[in-house]
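Residue numbers (the numbering used here): 1 to 197.
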């Protein structure tokens, strides 16, 4: 971890409001994986955003919007997020959203392992397979192929297809943040041992 976690007692006046907002939001939504140390210091991408709160606040706002205004079924979202995390080799992303997928959608270890390896599991629903294909194509570079785009619109409607594209882009950013700052799975990083939100 390249940016040390910031204990609540050490927050600057600019960091404090962002910390409070993120801690509250993270605690409400992400209780299935470790998001903070025992002293309350945030882990994952949230710690990185705290180090530059003027910019981090904007990223947090986008994250909240991506969650608050969702149309896509959550299982579909998790497949797309895991496909992005796998493409970037973002360990924390796979750890976090793998926990969500297993707990909330009974994703099997085999399916999770296949997604984490960047491969398409054979037992995906049509919606999940489309989410995987969109994520895989967009993270490969270039324009999303027309048949893949049309399939997303047919299954999810225009607003749902838009959301899927935004979701993939957002988690590309999150994955790059995690990799750029060497944010690991907390159990693999002595600086990150902590608690679930």
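Built from N, CA and C at the ideal position, the CB exists for glycine as well.
Quick one, which of the options has its alpha-carbon nearest residue i's?
| i | options | result |
| --- | --- | --- |
| residue 134 | 185, 82 and 113 | 82 |
| residue 70 | 183, 169, 173 and 162 | 162 |
| residue 167 | 14, 47 and 59 | 59 |
| residue 174 | 147, 93 and 73 | 93 |
| residue 116 | 105, 97, 128 and 187 | 97 |
| residue 198 | 22, 1 and 160 | Here the chain comprises residues numbered 1 to 197, so residue 198 is not present and cannot be evaluated. |
Residue i to residue j, Cα distance in whole Å?
| i | j | result |
| --- | --- | --- |
| residue 95 | residue 144 | 27 Å |
| residue 91 | residue 179 | 8 Å |
| residue 196 | residue 29 | Residue placement at residue 196 is poorly supported in this model, since its pLDDT is 49, which falls under 50; the coordinates are not used for a value here. |
| residue 137 | residue 9 | 44 Å |
| residue 158 | residue 169 | 17 Å |
| residue 151 | residue 16 | 44 Å |
| residue 183 | residue 43 | 8 Å |
Can the beta-carbon of residue i be found less than 7 Å from the beta-carbon of residue j?
| i | j | result |
| --- | --- | --- |
| residue 177 | residue 45 | yes |
| residue 51 | residue 3 | yes |
| residue 56 | residue 18 | yes |
| residue 112 | residue 130 | no |
| residue 76 | residue 132 | no |
| residue 38 | residue 7 | no |
| residue 86 | residue 32 | no |
| residue 172 | residue 84 | yes |
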